[in-house]
Amino acid sequence: MIRVLFTVFAKEVLDNFRDRRTLASALLMGPLFGPILFAFVINLSIERSLSDVEKTLDVPVIGAEHAPNLVRYLESNNLKIVAGPESREAAIDAVKTGLHDIVVLIPETFGEQLAESMPAKVELISDRANTTADRDSRRVRRALYAYNQELAAIRLSARGISPLVLRPLNIDDIDVSTPSGRSGILLGMMSYFFIFAMLMGGMYLAIDTTAGERERGSLEPLLALPVTRDKLILGKIIATCLFMALSLILSLTSFYFALNFMPLEQLGMTPNFGPEVVVAAFFLLAPFILLGAAVMTLVASFTKSYKEAQTWLSVVLLAPTLPILVVSLLTLRPRLEFMFIPSLSQHLLLIDMVKNEPINVTHVLISVTSTLLFGGLLTWLCARLYRREGLLG
Amino acid sequence: MLPEQFCHAVFSRLFGADAVIKVDGIHKSFGRVHAVRGISFDAPDGKITGLLGPNGAGKSTTLRILYTVLKPDEGRASIDGNDVVESSLAARRCTGALPHGAGLYPHLTARENIAYYATLCGIERKDIDRRVDSIIDLLEIRDFAERRTKGFSQGQRTKVALARSLVHDPQNVILDEPTNGLDVMATRSLRELILKLRDAGRCILFSSHVMQEVAALCDDIVIIADGQVAIDDSADGIRKQTKCEDLEDAFVAAIQMVTPQ
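Read top to bottom, the protein sequences are chains R and D.
Following my numbering, the numbering of the first sequence begins with 4 at its first residue and continues without gaps.
Following my numbering, the numbering of the second sequence begins with 17 at its first residue and continues without gaps.
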């Protein structure tokens, strides 16, 4: 029994290792491409959000000469005043075409109205539908509101009234999230990266041992050998598991290194992803390997050709996201029931781990047992279906 | 000679049960298509039995039932006394099957392909090299035995596939259209090999749709048409029964005996 299993396993492993191109896509694409892309995107967004506050922003102003104090105030807020378009119409056109993100228009009457303590009109021309420009125009808007507040306070003081009258509420925003906690939001998607990489690592083997073997014509002579089919399919599934495990290890390691290159501390995040967490994450995710291998083998054994199997398995690749997506959208907290759902339980537990929150041992046990049970059940189903005549197509 | 084979030989002598592949009234349908409708024949040891018939006659289905990848809906079939349904594992153990269009593993060498089957068949690890070497010599494939099978010619592929299915030294050999797609030289060397196997006392059952090939090689010919046996006889017997001197005419006449006009 063991010998046949091992023979099938060893042959599939050797075969897959020799297929360089497939191996590259299985063991490089999934585990390395994901984290690299992830690191790249995060770096980009961090750089943008960090540099924006520091960078001096050019603000085109029409009629700057009518409000020298306002101009001075804006300039002290790291905004550089530049000459705006000729007229209001030209300004609207310039914003519409994207030449300027925002144009401030100060009418001639500004100084007069201000002197009379009347609301002095200032026009802000911007395109709110343009999301990339929105951040810059928000800075200008915020500066103008601040100036507005300051003037109001001065006016009240001049009339002997405390400016605090304008602040009936003192709103204090207290953020209880820890730096690790904040990383959880950002790194929540990484659990799917691991599951994806895992499935990618075994996908080609799952296809090759079923649809591929049939398409090649090597299945029929194999089934004519004096070996029970259960052993054949089991050996193949175990080989698929090996590659999935390899892929998981690679993606965990590559993520570990990728995180070192992300300036997450600057965003106030310190994900708890040290070597011991990497090892723990492996054992947390490992039960999913059997389930994934069995699902992929099952689906691939129903398809008629290699190509058809690839199409169907790309759907399988997306399936584990579904429970994760639902729970993320509804922002549900980890609950006992969720631990019975494979992929979701791993996702939730991994997030807790990365957030450095206490791990519920019962939850871990349920997650591991239920995922392994599902995996075992599907493996049994694979073996059952491998016995049917329709297998030969 | 393995003890199993020795016992079998003794048993055959004593009881005169020399037919080792027995097919008895098998039926098989795929959906609405009734592919095999009650085929019966025997294939004895030391003889080459040819299944001859037009495309779609039910030859492959019959052979597939014999090497146990399909189950008959009705009827029985046995190999060396092992029922192909009830003791399919034992039936497979004494059979080497070369299915139609059998494929190899392109990333493995010819030797690895053969050794894989040898290990799966339960040959002892220490005997595998020797066994694989002897089959490589038997099929004269040493020239390309260490090369990966990707890019092999059809003739090379067929030989390796045959070596693979003969590696456990089966008493019975089932070949489904083995000469399909082979050139003259490859066909000729395959024919010589089949004769060699027969002279070693094996039971050989092979299918073809080429009358000349079957006539040149087979001791017994089973002509199948429309899922039924039209004639089961030697080449001369078929000529006599159909009253046709020319074998091709005899073939056509035999098919017309069962096919409604």
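Don't be surprised by glycine CBs; every beta carbon is placed ideally from N, CA and C.
For the pair R:Leu47 and R:Phe199, the Cα-to-Cα distance works out to about 23 Å.
The Cβ-Cβ distance between D:Ser250 and D:Asp235 falls below 8 Å.
At least 8 Å separates the CB of D:Cys260 from every CB of chain R. In this structure, the alpha-carbon of R:Phe260 lies about 17 Å from that of R:Leu249. For the region 167–242 of chain D, the continuous alpha helix (DSSP H) assignments of 4+ residues that do not extend past its boundaries occur at 170–182, 200–215 and 227–233, in sequence order. In the DSSP annotation of this structure, the continuous segment of the alpha helix (DSSP H) that includes R:Pro278 starts and ends at Pro278 to Leu288. Shown here, D:Gly119 sits in coil according to DSSP, grouped into three states, outside any helix or strand. Secondary structure at D:Lys38: strand, using DSSP grouped into helix, strand and coil. Looking at D:Arg146, D:Arg48 and D:Asp61, the one whose alpha-carbon comes closest to that of D:Gln187 is D:Asp61.
The beta carbon of D:His123 sits closer than 8 Å to some beta carbon of chain R. Close CB contacts of D:His184 within its chain, under the 6 Å cut and outside five residues either way in sequence, are with Cys137 (chain order).
Looking at the backbone, the Cα of D:Ile151 and that of D:Ala241 are separated by about 35 Å. In summary, R:Phe377 is buried, with 16 or more beta-carbon neighbours lying within 10 Å of its beta-carbon over all protein chains present. Taking 8 Å as the upper bound for CB-CB distance, R:Ala156 and R:Leu169 are in contact here, some 7 Å apart.
Within a 10 Å sphere around the beta-carbon of D:Gln170 sit fewer than 16 other beta-carbons, which makes this residue exposed. Taking a C-beta distance under 8 Å as the contact criterion, R:Ala209 and R:Met299 qualify as a contact pair. With respect to the 8 Å criterion, R:Val302 and R:Val319 are classified as neighbours on the basis of their beta carbons.
Using a Cβ-Cβ cut-off of 7 Å, D:Thr135 is close to Thr10 of chain R, given in chain order. Inter-segment contact for the region 67–79 of chain D and the region 120–131 of chain D is absent: fewer than three beta-carbon pairs are separated by less than 8 Å. The contact set of D:Leu86 on chain R, defined by CB atoms closer than 7 Å, consists of Glu392 in chain order.
With three or more CB-CB distances shorter than 8 Å, the region 362–369 of chain R counts as touching the region 330–350 of chain R. The Cβ-Cβ distance between R:Asp61 and R:Ile105 does not fall below 8 Å. DSSP places R:Ser120 outside both helix and strand once states are collapsed to three, so it counts as coil. Judged by beta-carbon spacing, R:Ile252 lies beyond the 8 Å limit of R:Phe291, meaning their Cβ atoms are not closer than that value. Residue burial annotation: R:Asp175 is exposed, with fewer than 16 other C-beta atoms found within 10 angstroms of its C-beta. When the beta-carbon positions are compared, R:Gly37 and R:Ser221 stay at least 8 Å from each other. Listed along the chain, the chain R residues whose CB falls inside 8 Å of the CB of D:Ala202 amount to none; the nearest CB is some 18 Å away. Chain-order list of chain R residues neighbouring D:Pro115: Gly220, Glu223, Pro224 and Ala227, by C-beta distance under 8 Å. A Cβ-Cβ distance of about 18 Å is found for the pair R:Ala386 and R:Thr306, leaving them out of contact under the 8 Å criterion.
Between D:Ala177 and D:Ala107, the C-beta gap is not smaller than 8 Å, which leaves the two residues out of contact. Cβ contact annotation for R:Ile236 (same chain, cutoff 6 Å, sequence separation greater than five): Cys385, Ala386 and Tyr389, in chain order. Inter-segment contact for the region 80–89 of chain R and the region 25–45 of chain R is absent: fewer than three beta-carbon pairs are separated by less than 8 Å. Just so you know, the alpha carbons of R:Val64 and R:Ser79 end up roughly 15 Å apart. Taking a C-beta cut-off of 7 Å against chain R, none of the residues of the region 39–64 of chain D qualify. According to DSSP, residue pairing for R:Leu60 in a beta bridge involves R:Leu82. In the DSSP annotation of this structure, the continuous segment of the beta strand (DSSP E) that includes D:Thr65 starts and ends at Ile64 to Leu68.
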